[in-house]
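Residue numbers (our numbering), protein chains in the order written: chain A, 1 to 336; chain B, 1 to 361; chain C, 1 to 384.
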Amino acid sequence: MTKFTKLSLAALAFVGMSATAGTLQDVQKAGVVKCGVDGGLPGFSEIVSGGEYKGIDVDGCRAMAAAVLGDAKKVKFVNLNSKERFAALQSGEIDILVRNTTWTETRDTSLGFNFVAVNYYDGQGFMVRKDLGVKSTLELDGAAVCIQTGTTTELNVADYFKSKGMKYKSVSYDSNDQVLASYEAGRCDVLTSDASQLYGLRTKLKDKANHIVLPEIISKEPLGPVVRQGDDQWFNIARWTFNSMVAAEEAGITSKNIDSLKSSKNPGIRRILGLEGKMGANLGLNADFAYQVIKQVGNYGEVFERNVGVNTPLKISRGLNALWTEGGLQYSPPFR
Amino acid sequence: MAVYEQKQALEAPSSTKGAIHWIKENLFSSPLNTIMTLMGFGFLYIIIPPLLQWAYFDANFVGTTREQCTGDGACWVFIKMKMDMFLYGFYPETELWRLKAIVIMFVALVIGLRFIKSGKVKFGIVFSYFIISLILTAGGIFGLESVPTDKWGGLMLTIVVASVGIVFSFPIGIIVAFGRQSNLPIIRSVCVTYVEMIRGVPLITILFMSSVILPLFFPEGISFDKLLRALIGITLFQAAYVAENIRGGLQAIPKGQYEAADAIGLSYWQKMLLVILPQALKVAIPNLAGAFISLFQDTTLVLIIGLFDLLAMVRITAADSHWLGMETEGYVFVTVIFWAFCYGMSRYSNKLEKQFDTNLK
Amino acid sequence: MMRALRNQKIRGMLFQVLTILGLVAFLWYIGSNTMANIEQRGIKSGFDFLSGTAGFEIDEAPIKFSSSDTHGRVFLVGLINTLIITFIGIIFSTILGLIIGVFRLSNNWLIKKLAAAYIDIFRNIPILLQILFWYNVVLRALPSPKQSINFLDSIFMNNRGLYLPIPDLNTTTISVCISVLVVVVGAFFLNKWANKRQEETGKDFPVLLTSLGALIIIPIITYFISGANFNFDYPALKGFNFRGGKVISPEFLALTFALVIYTATFIAEAVRSGIEAVSKGQKEAAASIGLSSYQSLKLVVLPQAIRIAIPPVINQYLNLAKNSSLAAAVGYPEIVTVFAGISLNQTGQAIEILAITMLVYLTISLIVSAILNWFNHKMKIKER
Chain A
1 MTKFTKLSLA
11 ALAFVGMSAT
21 AGTLQDVQKA
31 GVVKCGVDGG
41 LPGFSEIVSG
51 GEYKGIDVDG
61 CRAMAAAVLG
71 DAKKVKFVNL
81 NSKERFAALQ
91 SGEIDILVRN
101 TTWTETRDTS
111 LGFNFVAVNY
121 YDGQGFMVRK
131 DLGVKSTLEL
141 DGAAVCIQTG
151 TTTELNVADY
161 FKSKGMKYKS
171 VSYDSNDQVL
181 ASYEAGRCDV
191 LTSDASQLYG
201 LRTKLKDKAN
211 HIVLPEIISK
221 EPLGPVVRQG
231 DDQWFNIARW
241 TFNSMVAAEE
251 AGITSKNIDS
261 LKSSKNPGIR
271 RILGLEGKMG
281 ANLGLNADFA
291 YQVIKQVGNY
301 GEVFERNVGV
311 NTPLKISRGL
321 NALWTEGGLQ
331 YSPPFR
Chain B
1 MAVYEQKQAL
11 EAPSSTKGAI
21 HWIKENLFSS
31 PLNTIMTLMG
41 FGFLYIIIPP
51 LLQWAYFDAN
61 FVGTTREQCT
71 GDGACWVFIK
81 MKMDMFLYGF
91 YPETELWRLK
101 AIVIMFVALV
111 IGLRFIKSGK
121 VKFGIVFSYF
131 IISLILTAGG
141 IFGLESVPTD
151 KWGGLMLTIV
161 VASVGIVFSF
171 PIGIIVAFGR
181 QSNLPIIRSV
191 CVTYVEMIRG
201 VPLITILFMS
211 SVILPLFFPE
221 GISFDKLLRA
231 LIGITLFQAA
241 YVAENIRGGL
251 QAIPKGQYEA
261 ADAIGLSYWQ
271 KMLLVILPQA
281 LKVAIPNLAG
291 AFISLFQDTT
301 LVLIIGLFDL
311 LAMVRITAAD
321 SHWLGMETEG
331 YVFVTVIFWA
341 FCYGMSRYSN
351 KLEKQFDTNL
361 K
Chain C
1 MMRALRNQKI
11 RGMLFQVLTI
21 LGLVAFLWYI
31 GSNTMANIEQ
41 RGIKSGFDFL
51 SGTAGFEIDE
61 APIKFSSSDT
71 HGRVFLVGLI
81 NTLIITFIGI
91 IFSTILGLII
101 GVFRLSNNWL
111 IKKLAAAYID
121 IFRNIPILLQ
131 ILFWYNVVLR
141 ALPSPKQSIN
151 FLDSIFMNNR
161 GLYLPIPDLN
171 TTTISVCISV
181 LVVVVGAFFL
191 NKWANKRQEE
201 TGKDFPVLLT
211 SLGALIIIPI
221 ITYFISGANF
231 NFDYPALKGF
241 NFRGGKVISP
251 EFLALTFALV
261 IYTATFIAEA
271 VRSGIEAVSK
281 GQKEAAASIG
291 LSSYQSLKLV
301 VLPQAIRIAI
311 PPVINQYLNL
321 AKNSSLAAAV
331 GYPEIVTVFA
341 GISLNQTGQA
351 IEILAITMLV
361 YLTISLIVSA
371 ILNWFNHKMK
381 IKER
């Protein structure tokens, strides 16, 4: 009977088996990029009406699919909470994790991961109810703080309060929804998270106007895509897929003008578009991988403005995420 | 001469029938009982009217948006609008007919089985129903569009988890129970260890293990679906309880039955499957039913590892920005569904128990 | 060869050898894969993490805890909290279960039906759903700290928890606590003595009444002797929250309510079936030798009922301990929440942490089954 169990389970085609080659080959064979996202975080990865995914992280996944498979739609999104995300990547359930994950030394070294790039420079902030009359984080002594567990946030807040000689009560849950619901119900005075998330979460509150994000940012939170350690080819693909989006913005290539730029004489642009050089072949991809990314998903600026920019409900300005030429930190090593 | 005086007739004894007597006897037989009765009615008075007020009299049934919930009571419009989410999760709308077909087939099956006498045919039909249902649900073959398991959710996922758990844990449980009764010491100790270890830990740790550690047990390249991992965990968990209950049944079988089976030359498996097991199952039915009811309740734990069962749907539907704060209605609705299923199952098992009670004493 | 196969003993041996080989192969396969995966993916392993700094705060730590303590201490905090919730759950579910079980057998029709309804309703609702219901619906509906429900300005109830005054640890408090302990121990010995006397002389001694009386009177006397100086630390609203006193968090309350209400249904059923299992003849026999109804209950019915009721009740205690792990859903910091949750997330060492956690529960259940075996042995009907 146990044999039968195995057989019938296999027959149900639940078990995905594949050769142990590289992630690239696996993805090409499967015809789909399995991408881990949050799924409930406005601006980063959110399921909007009709089951469509939307957000910066989601576009990161789409860019990978465009680069590797030539079609940005060939993504299988896997919703993960903060607790599941690392196990899912370690086990191969997903090919890449793009879930507002902070790049830290420990995660980079002891979990068996490599961080690819920084797709959003963030920092931790605090949101409070307006009627508390709090103007600064320094007035938060004794407050109850809602936190998502398994995050760097949880560690930062402990460090911060300790360094300021203040006390707090931690109220922690493992999903953003529960954190938000508890904050809204008044279980805690403060909700702390990455500042970008706070703006996103605020759009989900019943009376949005009655909550403010305090000005202090207490930590560095470089968020970025993560891949498994030990597959350098896949790591390079992920890194240069992201770089191509930043490089495109630097060079002024957008999804709109990219076709007209095909006739450009500028060798820099021609290299990004795959008309010159062997960029694609070096990665094991088609020559036009970056073209597909920019054409189907857009350059970094477009992605930013579309998902979290000033014309979205989140209303976040570029800040640290502007190009280096405009006073920000986004910078692509040269395509050469 | 003695004078006889007619004495006053005794009063008739108070009636031993009728409503008044019943009330006296059952509600007000002593001062203590009277106080208890009054407290009981007081308790009902505190609980029932506000509940009815909220759930029915002041509740809102018509409409399609939150704004139409103007009464003070429950906003059942929310449940109405989110019904598909509660029942089917994110299952694609165009494929819902498949799930509905499964339900219709189930009704047909329940009615149809009454007319079939042969146990083998019955088993065959039920088994093929199970397989057909799984194919219909998952798709991917016979031209059915494949529905990935992350789209499964709501009551449908709850039923999938519970029924797969029940069906697959049963044979494993039987084998382990036999192993535990076996006179081969190694087999016995392996089975005892398995049962005691599983029964000693909470299901949630097993689910964590199957969701976080199981993938590390296999070489790179083999990956299991999230749902499948949960199903493996739940099946292995449930099998230990099934084994324990069947063992209880086996212990109740008199030794003579074993000896008689041996005497007519049956092999071990013939003896166990044809003679012992049917009797043991009969004895074990109440406990097995209890174990299956608790499995049905335990399916809610999959929400902790990120699957969207019926209970998880409460949080998801109430996080919709148009319906914020509708959790109470969601919880009440889900509670009623779970309760109805579990209560129904326990009633059914009582019925079975009576039906099978051949009273060998 | 074929003949050897037909020999039952040899076949049994062969079967066992095959099982062992299969099992060893299976474990080896899993073990080597796991090792290879850990190695290849560069995942850290070993138990060093236990001495690493946790870095996060735990709100309801029963022992002193700060973010600079180790993951080993996180484990300790979680373990103690698991034991606390289990202990409190056992006490309250026993009390509630006994009451409901007795109500279930009451000759008052209404009470009987109410008890039956209670059992039918609450045992058929998943425990996790009950926990979430208490937490997300009932307790969340409480007012904010500024509008707390207020009892006599000393007990406050709001959506941050239940705030109680606690007595300072001075001579009076300590002596009263000790006196209560002394009375409880004394009652135990009194009971032993009374039983012995009854066996020898047949004279009954009102143990229950005497002990209850002593439990009230002696602590009161102690209170006055030791200076009559109870000093309470009252909770008071300061800044965002109440300070002072003892706070019982909504997470703890939700978990306790749900565990107690759910477990009590099973205990009530065990109590009922225990009492019902005592045959009518026993009661009639007790009545015919002139025992009062209290004596009959105490000397004839209960000893027999307890023998039947205790084993399932102990099993329910074990289930309660295991169900306490569902605290993870509301974030009460017991072992699964803080150790198999937060520590696991921060260190990523799932195998080690889950192994330790499962070992804790296994140990608890082994202890419980040892108690159960001892009880069954002790309670075995001694036939003479």
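The beta carbon of each residue, even a glycine, is placed where N, CA and C say it ideally should be.
Remember, it's a predicted structure, so these values are computed and weren't measured experimentally.
Within 10 angstroms of the Cβ of A/A10, are there 16 or more other Cβ atoms? Answer buried if so, exposed if not.
Model confidence at A/A10 stands at a pLDDT of 41, short of 50, so the residue's coordinates are unreliable; what they give is reported in the following sentence. With fewer than 16 other Cβ atoms within 10 Å, it is exposed.
Just to confirm the assignment, what range does the alpha helix (DSSP H) spanning A/I96 have?
Careful: A/I96 lies outside any alpha helix (DSSP H), inside the beta strand (DSSP E) at I96 to T102.
Determine the chain C residues that contact A/G165 at a beta-carbon separation under 9 Å, and present them in chain order.
Here the premise fails: no neighbours, minimum Cβ distance about 13 Å.
Which of the three DSSP states is assigned to C/E251 in this structure?
C/E251 falls in the helix class under three-state DSSP.
Considering only the beta carbon of each residue, do B/T34 and B/F41 sit closer than 8 Å?
Not in contact: B/T34 and B/F41 (Cβ atoms no closer than 8 Å).
For the alpha helix (DSSP H) containing B/V195, list its first residue and its last residue.
First-last of the alpha helix (DSSP H) with B/V195: P185 to G200.
Does C/W28 pass the burial test, meaning 16 or more other C-beta atoms within 10 Å, or should it be called exposed?
The residue is exposed, with fewer than 16 neighbouring Cβ atoms inside 10 Å.
Please list the partners that C/R140 has in chain A, where partner means a Cβ-to-Cβ separation under 9 Å.
The answer, in chain order, is A181, S182, A185, G186 and R187.
With DSSP run on the structure shown, which of helix, strand or coil describes C/F307?
It should be pointed out that residue 307 of chain C corresponds to Arg in this sequence rather than to Phe. If DSSP states are grouped into helix, strand and coil, C/R307 belongs with the helices.
In angstroms with no decimal places, state the Cα-to-Cα distance between A/V98 and A/R62.
Rounded to the nearest angstrom, the two C-alpha atoms are 11 Å apart.
I'd like to know whether the C-beta of C/A350 is nearer than 8 Å to at least one C-beta of chain B.
True, the Cβ-Cβ gap to chain B drops below 8 Å.
Can you tell me which of C/T82, C/K298, C/V313 and C/A350 puts its alpha carbon nearest to the alpha carbon of A/S91?
A/S91 has its Cα closest to that of C/A350, out of C/T82, C/K298, C/V313 and C/A350.
Could you please give the first and the last residue of the uninterrupted beta strand (DSSP E) stretch that includes C/V300?
Premise fails: C/V300 is in no beta strand (DSSP E) and is neither H nor E.
Can you find the residues in the same chain that come closer than 7 Å, C-beta to C-beta, to A/G277, ignoring five residues on each side of it along the sequence?
Excluding residues within five positions, the ones whose Cβ falls inside 7 Å are R271.
Would you mind stating whether C/A194 and C/V207 have Cβ atoms separated by less than 8 Å?
In this structure, C/V207 lies closer than 8 Å to C/A194 by Cβ.
From B/F296 to B/A162, what distance separates their C-alpha atoms?
Each residue's Cα considered, the two are about 5 Å apart.
Using a C-beta cutoff of 8 Å, does A/A143 count as contacting chain C?
Interface residue, yes.
Going by beta carbon distance, what residues of the same chain come within less than 6 Å of C/A187, once the five residues before and after it are set aside?
Correct list, in chain order: S211.
Jot down the residue ranges of each uninterrupted alpha helix (DSSP H) in the region 43-127 of chain B, minimum 4 residues, whole runs only, in chain order.
76-88 and 96-113, all fully within the region 43-127 of chain B.
Which partner residues of A/E46 appear in the DSSP bridge assignment?
A/G40 and A/K54, per the DSSP bridge assignment.
Does chain C have any CB closer than 8 Å to the CB of A/K169?
Yes, A/K169 lies at the interface with chain C (some Cβ there is under 8 Å from its Cβ).
Kindly say whether A/T104, judged by its beta-carbon, lies nearer than 8 Å to any beta-carbon of chain C.
With 8 Å as the cut-off, A/T104 does not count as an interface residue toward chain C.
Which residues, in chain order, does the region 69-82 of chain A contribute to contact with chain D at a C-beta distance below 9 Å?
Looking for chain D here will not work: the only protein chains present are A, B and C.
Could you pull the DSSP bridge partners for A/E221 from this structure?
Its beta-bridge partners are A/D122.
Residues of chain A with a CB under 7 Å from the CB of B/V212: which are they?
Per Cβ cutoff of 7 Å: A87.
Answer with yes or no whether the minimum CB distance from B/S163 to chain C is below 8 Å.
Not one chain C Cβ lies under 8 Å of B/S163.
Determine the direct distance from the alpha carbon of B/P148 to that of A/L314, and round the result to whole angstroms.
Cα to Cα, the separation comes out at about 32 Å.
Output the distance between the C-alpha atoms of C/A370 and B/A239, rounded to the nearest integer angstrom.
Going from the Cα of C/A370 to the Cα of B/A239 covers about 23 Å.
Using a cut-off of 7 Å between C-beta atoms, extract the partners of A/K162 located in chain C.
Those within 7 Å of A/K162 in chain C are S67.
Going by alpha carbons, who is nearest to B/A284 out of B/A243, B/I304, B/F338 and B/P254?
Out of B/A243, B/I304, B/F338 and B/P254, B/A243 has the C-alpha closest to the C-alpha of B/A284.
Assuming A/V171 is part of the beta strand (DSSP E), what are its boundary residues?
Start and end: Y168 to Y173.
Measure the C-alpha to C-alpha separation of B/L10 and B/K17 and round it to an integer number of angstroms.
Cα to Cα, the separation comes out at about 19 Å.
So which residues of chain B does C/W28 contact, with C-beta pairs closer than 7 Å?
By Cβ distance, chain B contributes nothing, its closest Cβ being about 12 Å from C/W28, past 7 Å.
Measure the C-alpha to C-alpha separation of A/A19 and B/P219 and round it to an integer number of angstroms.
Low local confidence applies: a pLDDT of 37 at A/A19 is under 50, so the model's placement there is unreliable, with the coordinate-based value given in what follows. C-alpha separation (whole angstroms): 10 Å.
According to DSSP, which residues form a beta bridge with C/M157?
C/M157 is bridged to C/I149 and C/L162.
Based on Cα-Cα distance, which residue from A/A247, A/L138, A/Q296 and A/L285 lies nearest to A/R336?
For A/R336, the nearest C-alpha among the options comes from A/A247.
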